[in-house]
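These notes concern the structure reproduced below.
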Amino acid sequence: MRPLRLSTAALSAAALLLTAASTTASAHGHDTTTHTPGTEFADGFETPVVPPPAPFTTHPGGQTAGPWAVGGHSVDVSSDRLWDAAEGSQSLDLNGTTSGSVSQQIPTHPLISYVVSFELAGNPAWAPALKTGELRVDGVPVKTFSFDVTGRGFRNMGYVRQTAVFTSPLKNSVTLTFASTSPGPGGPVIDDVRIRSCLLVLCPHVA
């Protein structure tokens, strides 16, 4: 494998971004060690715990599900007593009785890009077979996603890793939202949400 070689311009751009980010953070009294490139956020929907023997817990819009604010109609936090999680023992169905969403304010660093990744499957118990949704940053869609549950089951969920990249504007947080665009009581299922930061010139290509 040939070693990665960055041009002088790319290295200069990276240095400028680091300098700008550090200056902005200092001006706002922020600890620059918390949001430097490589920092991760992770959430596998392990809280709140679904009380046994219940297979899932429905959270209506306007309430919370752990650190997430629920929007739309409702969402279900689902235990592995119902179906397999991608990570840990719980996952999130973005459709409770019908389509819902979850949002959380995420600390960001100005002029830094962020890679969001998550596991995607779908509730195989309900039509339609194609589950669809959106990942939004401050209300703006940055990725649409879909999952076909044909041939899938509770012990064969078929999770697929999804990724998206967004760049933080000149502020210190954004609102990250996962929203279903599917009707009915069974929607996209997400799990193992992770966010890591990267410099614009060093971010991986994301289709």
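Residue numbers for the sequence shown follow numbering that gives the first Met the number 0, so the first one is 0 and each next one is one higher. We put the CB at the ideal spot given by N, CA and C, even for glycine. The structure presented is a predicted model; accordingly, all values stated were derived computationally and were not measured.
Query, Result
"Per DSSP, which one or two residues make a beta bridge with aspartate 92?", "Asp75 and Val188"
"Assuming lysine 142 and leucine 134 are in contact, meaning their beta carbons sit under 8 Å apart, how far apart are those beta carbons, in whole angstroms?", "4 Å"
"I want to know whether the segment 55-64 touches the segment 165-178 - three or more CB-CB distances under 8 Å.", "no"
"Mind listing, in chain order, the continuous beta strand (DSSP E) runs of no fewer than 3 residues lying wholly within the segment 136-201?", "139-147, 159-166, 172-179 and 187-197"
"Using a C-beta cutoff of 8 Å, does glycine 65 count as contacting chain D?", "The structure shown has no chain D; it contains just one protein chain."
"By Cβ distance, which residues of its chain are closer than 8 Å to cysteine 202, with the 5 residues on each side in sequence left out?", "Ser112, Val114 and Val164"
"Check whether the Cβ atoms of serine 77 and leucine 91 lie closer than 8 Å to each other.", "yes"
"Buried or exposed: threonine 7, going by 16 or more other Cβ atoms within 10 Å of its Cβ?", "At threonine 7, the pLDDT of 40 sits below 50, so the modelled position is not reliable; the number obtained from the coordinates is stated separately. The residue is exposed, with fewer than 16 neighbouring Cβ atoms inside 10 Å."
"Can you tell which of Phe146, Gly87 and Thr176 has the C-alpha that lies nearest to the C-alpha of aspartate 79?", "Gly87"
"DSSP state of phenylalanine 44, grouped into three classes?", "coil"
"So what's glutamine 104 in DSSP terms, helix, strand or just coil?", "strand"
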